[in-house]
Amino acid sequence: LADQPDSPQGQDVPSELLDLFRFATTCLALRIPALKVAGDLLSGLEELRQRGVIPLEEMAQIRATTSGVTEEHIGRWAAGFAEGYRSAWAAATLHVLDTRGIEYSKHLFRPLYLCGDAGLLTRFLGRAVTASHEGDLVVGESS
Amino acid sequence: MSFVSYFPGRGTVRETAYLEGEAKGEAKGVLRVLEVRGLAISDEVRSRITACTDLDRLNDWLDRAGTVESAEELFTETEV
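Chains as they are written, first to last, in my numbering: chain R, 1 to 143; chain L, 1001 to 1080.
Given below as structure tokens:
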């Protein structure tokens, strides 16, 4: 990771992320199938993202690096991945409200789809599962 | 007759990554809904959802993730 062009030479890398990489490297050394190790690594990255340890953009950057994207394309690939990911979570939030029969105004669409904060979208989706009206999505968030 | 789009950006690195991010994001969204509902998610279920890249199927799972009584139940009706 410290070798990546946009990576802060290791000193700012969260310890949990380093532990995840160490674990994956150890698993490979123990000859655990690479596909299994890769799957666990990606799940671990997502868990760290959902817990706010690493931002979505960093997760996308690591995914790009580990999935063989050439160096010149890593930035664009990571940006596209993060954009698609946020879009899916915005859509999922509305989808869950729809399936639960919770009405919401059209004014929710724009801020949701333009939201660049994946952590916020994660909380919105979680709240959509139990919300009884649109306003419950933003309870506890500063406006 | 097939439809061919010449829209700028189609097939680019960014678009390809966007579609992959969309599928991965939706898969994780399905898992998130199951988790928030407190349902147990086995490694097998997690792998199966995470590996899916079919947006229609993921949409169907997302539809039902809010009402199924177990995570495994997601797969029963789509395998008819």
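Glycine residues also receive a C-beta, built at the ideal position from the N, C-alpha and C atoms.
As the structure is a computational prediction, the values presented were derived from the model and not from experiment.
DSSP places GLU16 of chain R inside the alpha helix (DSSP H), whose first and last residues are 15-29. Taken in chain order, the complete alpha helix (DSSP H) segments of 4 or more residues contained in the stretch 31-76 of chain R are 34-50 and 56-66. Residue-level contact check: SER43 of chain R touches chain L, since one or more beta carbons of chain L fall below 8 Å from its beta carbon. Under the Cβ distance rule, ASP1060 of chain L does not count among the residues neighbouring chain R, no pair being separated by less than 8 Å. Among the residues of chain L, none has a CB under 7 Å from the CB of HIS133 of chain R; the nearest is roughly 16 Å distant.
Contact residues of the stretch 69-87 of chain R toward chain L are VAL69, HIS73, ARG76, TRP77, ALA78, ALA79, GLY80, PHE81, ALA82, GLU83, GLY84, TYR85, ARG86 and SER87 (C-beta to C-beta distance below 8 Å). Look at ASP1054 of chain L here: in three-state DSSP terms it is coil, with no helix or strand label. Counting along the chain, GLU103 of chain R sits inside no alpha helix (DSSP H), nor does DSSP assign it H or E at all.
Residue-level contact by beta carbon fails for GLY119 of chain R and chain L, as no gap is shorter than 8 Å. When DSSP states are grouped into helix, strand and coil, HIS95 of chain R belongs to the helix group. For VAL1068 of chain L, the secondary structure class from DSSP, reduced to helix, strand or coil, is coil.
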